[in-house]
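Quick note: the sequence shown uses UniProt numbering, first residue 1, plus one each step. Think of the CB as a built atom: it goes at the ideal place given N, C-alpha and C, for glycine as much as any other residue. What follows is a short report on a single structure.
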Amino acid sequence: MPSTLFLRLLTRSAWSSSRGVFMPAAAAALPPKSTSIRRFGQTAGRSKAAGEDDPRLKETLGREIADDYATLRTNYASPKLPVVLAHGLLGFATLELAQLFPPIEYWHGIRAALEARGVTVITPSVPASASIQVRAARLAEQIAAAVPAGTPVNIVAHSMGGLDARLMASPAFEPELLSRSATAGRRLNVASLVTVSTPHHGSSYADHVIAALGPRRFERARGVLASATGWSDTGAFEQLTPRHMDAVFNPATPDHPDTAYFSYGAMTDGPPPLMSPFRVCHRVIEEREGPNDGLVSVRSARWGSYRGTIKGVTHLGLINWTNRLSWSVRKMLGQKETFNALAFYLDIADMLAKEGY
Numbered sequence: 001m002p003s004t005l006f007l008r009l010l011t012r013s014a015w016s017s018s019r020g021v022f023m024p025a026a027a028a029a030l031p032p033k034s035t036s037i038r039r040f041g042q043t044a045g046r047s048k049a050a051g052e053d054d055p056r057l058k059e060t061l062g063r064e065i066a067d068d069y070a071t072l073r074t075n076y077a078s079p080k081l082p083v084v085l086a087h088g089l090l091g092f093a094t095l096e097l098a099q100l101f102p103p104i105e106y107w108h109g110i111r112a113a114l115e116a117r118g119v120t121v122i123t124p125s126v127p128a129s130a131s132i133q134v135r136a137a138r139l140a141e142q143i144a145a146a147v148p149a150g151t152p153v154n155i156v157a158h159s160m161g162g163l164d165a166r167l168m169a170s171p172a173f174e175p176e177l178l179s180r181s182a183t184a185g186r187r188l189n190v191a192s193l194v195t196v197s198t199p200h201h202g203s204s205y206a207d208h209v210i211a212a213l214g215p216r217r218f219e220r221a222r223g224v225l226a227s228a229t230g231w232s233d234t235g236a237f238e239q240l241t242p243r244h245m246d247a248v249f250n251p252a253t254p255d256h257p258d259t260a261y262f263s264y265g266a267m268t269d270g271p272p273p274l275m276s277p278f279r280v281c282h283r284v285i286e287e288r289e290g291p292n293d294g295l296v297s298v299r300s301a302r303w304g305s306y307r308g309t310i311k312g313v314t315h316l317g318l319i320n321w322t323n324r325l326s327w328s329v330r331k332m333l334g335q336k337e338t339f340n341a342l343a344f345y346l347d348i349a350d351m352l353a354k355e356g357y
């Protein structure tokens with residue numbers, strides 16, 4: 001998946017030559033075990049896991065969701081309004097690698113599960129790594145082309161898609177920026193926005209990567225990505241730093257008073273496996289922000305009415321990109337599967353229906 005490949009690129013493209021031994025700069029920049037940098041919620045001189053005794057942790061996590069979405073229920077209510085699924089950074093609606101292989105969906109099986117229960121689903125595709133402003137404009141154009149003027153919609157957004165949707169729904173959004181004449185100047189009616197592990201306050205891993213690579217090597221990494229993928233616009237990366245989100249984007253992007261905002265966060269059960277693309281990311285974010293899903297912390301994911309923290313799932317697991325082999329091994333060891341993405345999104349649809357959307 002593109003986001004997994006890019007994570008590996010960032011952690012391997014810059015190198016440190018300390019003591020004549022080359023190592024990934026992203027890993028080399030991590031503080032050693034004896035560092036004086038404190039983990040989230042950890043006092044000096046302690047070696048306990050991040051936040052173990054911190055009274056703030058429960059407040060941060062809110063409702064802890066352990067296995068509420070482990071299995072599908074028999075009945076789910078369906079919202080009366082269309083549901084827009086907004087993808088995240090480096091995402092897509094459908095990816096076709098070759099004619100011999102079936103197309104890959106970002107919302108792996110989720111759209112089909114919703115449609116099977118009568119939900120009208122729209123899956124726009126915005127520029128993978130463009131700025132929030134560009135992505136929001138493309139998102140608005142595609143939604144406007146899919147629904148009659150004035151039709152309210154629900155948006156369910158994963159990761160950066162939540163930032164695109166927030167800007168598009170905000171009174172600060174300028175519909176005049178839309179490029180298609182049929183939709184130019186048309187403001188969309190967003191009834192509700194549900195964000196899933198969206199970095200509303202940025203991700204400290206973005207800071208880490210930029211600092212570890214340095215300006216020149218960071219630009220080189222972006223160039224490699226652009227050459228490999230054809231993504232010429234990579235304006236998203238600098239915008240995802242905590243400083244930009246809290247000092248620039250959030251103050252300039254007020255919530256719409258007529259839009260209902262809901263959010264979910266997620267966290268893994270301990271460090272990801274050794275070969276996981278999220279292993280380094282998770283450690284960096286845990287030390288700086290606390291519990292996270294490998295890319296976005298729980299604290300950063302909170303916006304509007306916080307519905308809770310899903311435990312034991314990664315950033316990609318939230319969109320059904322779960323390692324089935326891993327779960328098969330766990331089942332052989334007697335462990336139960338605790339998260340089913342289809343059950344999660346059907347429950348979101350059920351919640352929206354019961355809220356009147």
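Note to self: Using 7 Å as the threshold, is the C-beta distance between VAL209 and ILE155 below it?
What the structure shows: The sequence position of residue 209 within the sequence shown is 209, counting from 1. The sequence position of residue 155 within the sequence shown is 155, counting from 1. Cβ distance not < 7 Å, so VAL209 and ILE155 don't count as in contact.
Notebook entry, point to check: By DSSP, does GLU355 sit in helix, in strand, or in coil?
Noted result: For this step, residue 355 is matched to residue 355 along the sequence shown. For GLU355, the three-state secondary structure derived from DSSP is coil.
Note to self: According to DSSP, is ASN250 part of a helix, a strand, or is it coil?
What the structure shows: Stepping through the sequence shown from its first residue, residue 250 is reached at position 250. In the structure shown, ASN250 sits in a helix (DSSP, three-state: H, G or I).
Notebook entry, point to check: Distance, Cα to Cα, ASP258 vs ALA130?
Noted result: Taking the first residue of the sequence shown as position 1, residue 258 is located at position 258. Taking the first residue of the sequence shown as position 1, residue 130 is located at position 130. Their backbone Cα atoms lie some 28 Å apart in a straight line.
Checklist line | Chain-order list of residues whose beta-carbon lies under 7 Å from that of SER36 (same chain, five-residue window excluded) | finding: As a working note, residue 36 is residue 36 in the sequence shown. Residue confidence for SER36 is low, a pLDDT of 31 falling below 50, so the modelled location carries little weight; the figure read from the coordinates is stated next. Correct list: empty, nothing qualifies.
Next item on the list: Use the C-beta contact count for ASP164: other C-beta atoms within 10 angstroms, 16 or more gives buried, fewer gives exposed.
Entry: Within the sequence shown, residue 164 is the residue found at index 164, counting from 1. With 16 or more other Cβ atoms within 10 Å, it is buried.
Next item on the list: Identify which residue in HIS158, ALA211, MET275 and PRO273 has its Cα closest to the Cα of GLY265.
Entry: The residue labelled residue 265 in the question sits at position 265 within the sequence shown. Of HIS158, ALA211, MET275 and PRO273, the residue nearest in Cα terms is HIS158.
Check: What three-state label does DSSP hand MET160 in the structure shown?
Finding: Looking up residue 160 in the sequence shown gives position 160. Secondary structure at MET160: coil, using DSSP grouped into helix, strand and coil.
Next item on the list: May I have the straight-line CA-CA distance separating TRP321 from SER300, to the nearest angstrom?
Entry: Counting from 1 along the sequence shown, the entry for residue 321 is found at position 321. Counting from 1 along the sequence shown, the entry for residue 300 is found at position 300. A direct Cα-Cα distance of roughly 22 Å separates TRP321 from SER300.
Notebook entry, point to check: Apart from the five residues just before and just after LEU274, which ones in its own chain have a Cβ nearer than 6 Å to its Cβ?
Noted result: To locate residue 274, count along the sequence shown from 1; it is residue 274. Closer than 6 Å at Cβ, skipping near neighbours: no residue.
Next item on the list: Spatial neighbours of ILE348 within its chain, please: CB distance less than 7 Å, with the 5 preceding and 5 following residues excluded, ordered by chain position.
Entry: Walking along the sequence shown from the start, residue 348 turns up at place 348. Short of 7 Å from the beta carbon of ILE348, and not among the five residues preceding or following it, lie these beta carbons of its own chain, in chain order: VAL156 and VAL194.
Checklist line | Best match in ARG117, ASP293 and LEU240 for proximity to GLN133 [C-alpha to C-alpha] | finding: The sequence position of residue 133 within the sequence shown is 133, counting from 1. Of the candidates ARG117, ASP293 and LEU240, the one whose C-alpha sits nearest the C-alpha of GLN133 is LEU240.
Item checked: Selection from GLU174, ALA172 and PRO82 that minimises the alpha carbon distance to PRO148 -> If you number the sequence shown from 1, residue 148 lands on position 148. Its Cα nearest to that of PRO148, the residue PRO82 stands out among GLU174, ALA172 and PRO82.
Margin query: Please state the DSSP three-state secondary structure of PRO152.
Written below: Counting from one through the sequence shown, the residue named residue 152 turns up at place 152. Strand at PRO152.
Notebook entry, point to check: Can you tell me whether DSSP reads PHE218 as helix, strand or coil?
Noted result: Along the sequence shown, one-based indexing puts residue 218 at 218. Correct three-state label for PHE218: helix.
Notebook entry, point to check: Along the chain, where does the beta strand (DSSP E) that runs through SER125 open and close?
Noted result: On the sequence shown, position 125 is the one that residue 125 refers to. Unbroken run through SER125: none, as it is neither H nor E.
Next item on the list: Could you pull out every residue in the same chain whose Cβ sits closer than 8 Å to the Cβ of ALA252, ignoring the five residues on either side in sequence?
Entry: Against the sequence shown, residue 252 aligns to sequence position 252. Contacts found: ALA172.
Next item on the list: Give the range of the alpha helix (DSSP H) segment to which ILE143 is assigned.
Entry: Start at 1 with the first residue of the sequence shown, and residue 143 comes out as number 143. Taken as a continuous stretch (DSSP letters only), the alpha helix (DSSP H) holding ILE143 covers 132-146.
Check: Quick one: is ARG160 buried, meaning 16 or more other Cβ sit within 10 Å of its Cβ, or exposed?
Finding: Locating residue 160 in the sequence shown gives position 160, counting from the first residue. With the sequence shown as reference, residue 160 is identified as Met, and Arg is not the correct amino acid for it. Classification of MET160: buried, given that the 10 Å Cβ count is 16 or more.
Check: Just how far apart, CA to CA, sit GLU286 and GLY150?
Finding: Within the sequence shown, residue 286 is the residue found at index 286, counting from 1. Within the sequence shown, residue 150 is the residue found at index 150, counting from 1. Taking the straight line from one Cα to the other gives about 43 Å.
Margin query: Could you compute how far the alpha carbon of VAL298 sits from the alpha carbon of PHE218?
Written below: In the sequence shown, counting from the first residue as 1, residue 298 sits at position 298. In the sequence shown, counting from the first residue as 1, residue 218 sits at position 218. Our two residues, VAL298 and PHE218, have alpha carbons roughly 27 Å apart in a direct line.
Next item on the list: Report all residues from its chain with a CB closer than 6 Å to the CB of ALA341; omit the five preceding and five following residues, and keep chain order.
Entry: Taking the sequence shown and counting its residues from 1, one reaches residue 341 at position 341. If the five residues before and after ALA341 are omitted, its C-beta is found closer than 6 Å to the C-beta atoms of ASN320, all from its own chain and listed in chain order.
Check: CA-CA distance, GLY202 and MET267?
Finding: One-based indexing of the sequence shown puts residue 202 at position 202. One-based indexing of the sequence shown puts residue 267 at position 267. Each residue's Cα considered, the two are about 16 Å apart.
Next item on the list: Please name the residue, chosen from THR338, VAL121, ARG186 and ASP350, that lies closest to ILE65 on a Cα-to-Cα basis.
Entry: Counting from one through the sequence shown, the residue named residue 65 turns up at place 65. Checking every option, the nearest Cα to that of ILE65 belongs to THR338.
Item checked: Residue closest to TRP87, alpha-carbon to alpha-carbon, out of GLY304, PHE278 and THR198 -> Residue mapping note: residue 87 aligns to position 87 of the sequence shown, counting from 1. It is worth fixing the name first, because residue 87 is His in this sequence and not Trp. For the residues GLY304, PHE278 and THR198, the minimum Cα distance to HIS87 belongs to THR198.
Notebook entry, point to check: What residue from ALA77, ILE110 and THR71 has the CA that sits closest to LYS336's CA?
Noted result: Reading the sequence shown from its first residue, position 336 is the one you call residue 336. Checking every option, the nearest Cα to that of LYS336 belongs to THR71.
Next item on the list: Compute the beta-carbon to beta-carbon distance between LEU89 and ALA136, rounded to the nearest angstrom, for a pair I have assumed lies under 8 Å.
Entry: Stepping through the sequence shown from its first residue, residue 89 is reached at position 89. Stepping through the sequence shown from its first residue, residue 136 is reached at position 136. About 13 Å; that fails the 8 Å criterion.
Next item on the list: Kindly indicate the opening and closing residues of the beta strand (DSSP E) around ILE310.
Entry: The residue labelled residue 310 in the question sits at position 310 within the sequence shown. ILE310 -> beta strand (DSSP E) spans 305-311.
Note to self: Going by C-alpha to C-alpha distance, which of PRO127, ARG63, ALA212 and VAL224 sits closest to ILE310?
What the structure shows: Position 310 of the sequence shown holds residue 310. Taking only the C-alpha atoms, the option nearest ILE310 is ARG63.
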